[in-house]
Amino acid sequence: MNEFYQKDIISVKDLEKPQFEKIFAATDRIIQMDPNERRELGRGKTLGYLFFEPSTRTTLSFQAAMALIGGTSIGISDVSLSSTKKGESLADTLRMMSIYSDILALRHSLDGSSRFAAEISSKPVINAGSGTEEHPTQAIQDLYTIKKEKSKIDGLKIGIIGDLKYGRTVYSLLYALANYDVDIRLVSPESLKIRSDSIYEIQKKLSLKESTNLEEYIDELDVIYVTRIQKERFPDEEEYQKVRGSYKIGLDVIQKMKENAIIMHPLPRIDEISTDVDNTPQAKYFKQAEYGKFTRAALLGLILNENGF
Ligand code: NCD
Numbered sequence: 002m003n004e005f006y007q008k009d010i011i012s013v014k015d016l017e018k019p020q021f022e023k024i025f026a027a028t029d030r031i032i033q034m035d036p037n038e039r040r041e042l043g044r045g046k047t048l049g050y051l052f053f054e055p056s057t058r059t060t061l062s063f064q065a066a067m068a069l070i071g072g073t074s075i076g077i078s079d080v081s082l083s084s085t086k087k088g089e090s091l092a093d094t095l096r097m098m099s100i101y102s103d104i105l106a107l108r109h110s111l112d113g114s115s116r117f118a119a120e121i122s123s124k125p126v127i128n129a130g131s132g133t134e135e136h137p138t139q140a141i142q143d144l145y146t147i148k149k150e151k152s153k154i155d156g157l158k159i160g161i162i163g164d165l166k167y168g169r170t171v172y173s174l175l176y177a178l179a180n181y182d183v184d185i186r187l188v189s190p191e192s193l194k195i196r197s198d199s200i201y202e203i204q205k206k207l208s209l210k211e212s213t214n215l216e217e218y219i220d221e222l223d224v225i226y227v228t229r230i231q232k233e234r235f236p237d238e239e240e241y242q243k244v245r246g247s248y249k250i251g252l253d254v255i256q257k258m259k260e261n262a263i264i265m266h267p268l269p270r271i272d273e274i275s276t277d278v279d280n281t282p283q284a285k286y287f288k289q290a291e292y293g294k295f296t297r298a299a300l301l302g303l304i305l306n307e308n309g310f
């Protein structure tokens, strides 16, 4: 039996290198597979998504991934149109969704929401973003992007820039990278530094340095992972105003980078990367979004098929 069959994907901490490598290999197969054969993987299956926070890529890529393997998707991406508005509890909404679907994807502003959902739901649950805590499918797609675009993960120097305090993709990415031999450089405004308690367990496994100044590391990085300042998570708008626009990757910054370095971003971007960077060979964020469809299709295929593929 394949080890992902009917499993929840809640935290990257539940995965280790062999599991990542299996998902990457399955993603390669998904890309190469005959479309008719691929559509057998999800035939007759339904993905139920519940998005209690805004999303573009994650909802669309889950739907596109499910379509790619021949399944269907049903869901709610605007909670203001659902019975939650009438006062229905999250638990009851989850129970309903697990009756109508074979696998669930949940995005919610609360840390711990996906773990809670997995306890309630009779069907496997994928965490599609839980508060400031984690976004595991994003990390899988991020690692896959690095592997494809740099041909390896081990031995790279990876800079993570922006909102390291509230950005959940940052935590999932760091937990995933802790399985590899990489150098990490963290760059953020002082008030948005990484939450040290959240990386306590992995700190020993990662060679890690921090700065507020991107200039300090820019010429040595192989991967520059830029993140959005998470405005909606600031308790106070004034605090956001102090740090907005802290880092801007423009053509001037590209000049200082290693020639074959790549720029990634989970998206949406606001103004952290100027649009004139989009056409440079270093810009990989749209490619990264494309890989997300295939990594999610692979994951769904593995969870839904007892014997894998
Ligand atoms: C991210 C998220 O929701 O955490 N978006 C995404 O899923 N690609 C990043 C963000 O919102 O900044």
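Quick note on numbering: the sequence shown equals residues 2 to 310 in our numbering.
All residues carry an ideal CB built from backbone N, CA and C; glycine is no exception.
Going straight from the alpha carbon of residue i to that of residue j, what length do you get?
i           : j           : result
residue 135 : residue 253 : 32 Å
residue 288 : residue 269 : 14 Å
residue 1   : residue 133 : Beyond the ends of the chain as shown, which are 2 and 310, falls residue 1; an answer cannot be given.
residue 138 : residue 239 : 32 Å
residue 309 : residue 100 : 24 Å
residue 150 : residue 263 : 8 Å
residue 251 : residue 58  : 23 Å
residue 190 : residue 237 : 16 Å
residue 255 : residue 219 : 9 Å
residue 113 : residue 7   : 20 Å
residue 261 : residue 224 : 9 Å
residue 247 : residue 209 : 21 Å
residue 104 : residue 257 : 45 Å
residue 63  : residue 16  : 20 Å
residue 81  : residue 206 : 43 Å
residue 166 : residue 187 : 11 Å
residue 201 : residue 145 : 25 Å
residue 281 : residue 249 : 15 Å
residue 148 : residue 86  : 43 Å
residue 229 : residue 83  : 28 Å
residue 41  : residue 34  : 11 Å
residue 266 : residue 175 : 14 Å
Out of the options, state which residue places its alpha-carbon closest to the alpha-carbon of residue i.
i           : options            : result
residue 199 : 172, 192, 220, 205 : 172
residue 156 : 240, 221, 265      : 221
residue 25  : 53, 305, 307, 292  : 292
residue 69  : 124, 89, 36, 168   : 36
residue 73  : 33, 85, 79, 102    : 102
residue 285 : 259, 307, 226      : 226
residue 259 : 91, 77, 55, 158    : 158
residue 231 : 33, 43, 27, 54     : 54
residue 93  : 164, 196, 123, 283 : 123
Query raised in the report: Going along the chain, which unbroken runs of the alpha helix (DSSP H) with 4 or more residues stay wholly within the segment 163-251?
Result: Residue ranges of uninterrupted alpha helix (DSSP H) with 4 or more members, entirely inside the segment 163-251 and ordered along the chain, are 169-178, 238-244.
Query raised in the report: How about the segment 168-181 and the segment 13-32: do they share at least three Cβ pairs that are nearer than 8 Å?
Result: In short, these stretches touch, since the Cβ pair count reaches three.
Requested in this report: Spell out a yes or no on whether the segment 138-154 and the segment 203-215 are touching, meaning 3 or more CB-CB pairs, one atom from each, closer than 8 Å.
Outcome: They do not touch, by the three-pair rule.
Query raised in the report: Which full runs of the alpha helix (DSSP H) of 4+ residues lie inside the segment 68-117, going along the chain?
Result: Listed in chain order, they are 91-101.
Query - Three CB pairs or more closer than 8 Å across the segment 9-19 and the segment 117-132 - result: Contact between the segment 9-19 and the segment 117-132 is present, because at least three Cβ pairs lie under 8 Å.
Query - 3 or more residues per run - each beta strand (DSSP E) lying fully within the segment 6-58 - result: Fully enclosed beta strand (DSSP E) runs of 3 or longer: 47-52.
Query raised in the report: How about the segment 112-121 and the segment 40-50: do they share at least three Cβ pairs that are nearer than 8 Å?
Result: No, the segment 112-121 is not in contact with the segment 40-50.
Query raised in the report: Should the segment 293-303 be regarded as contacting the segment 269-280, the criterion being three or more beta carbon pairs within less than 8 Å?
Result: No, the segment 293-303 does not touch the segment 269-280.
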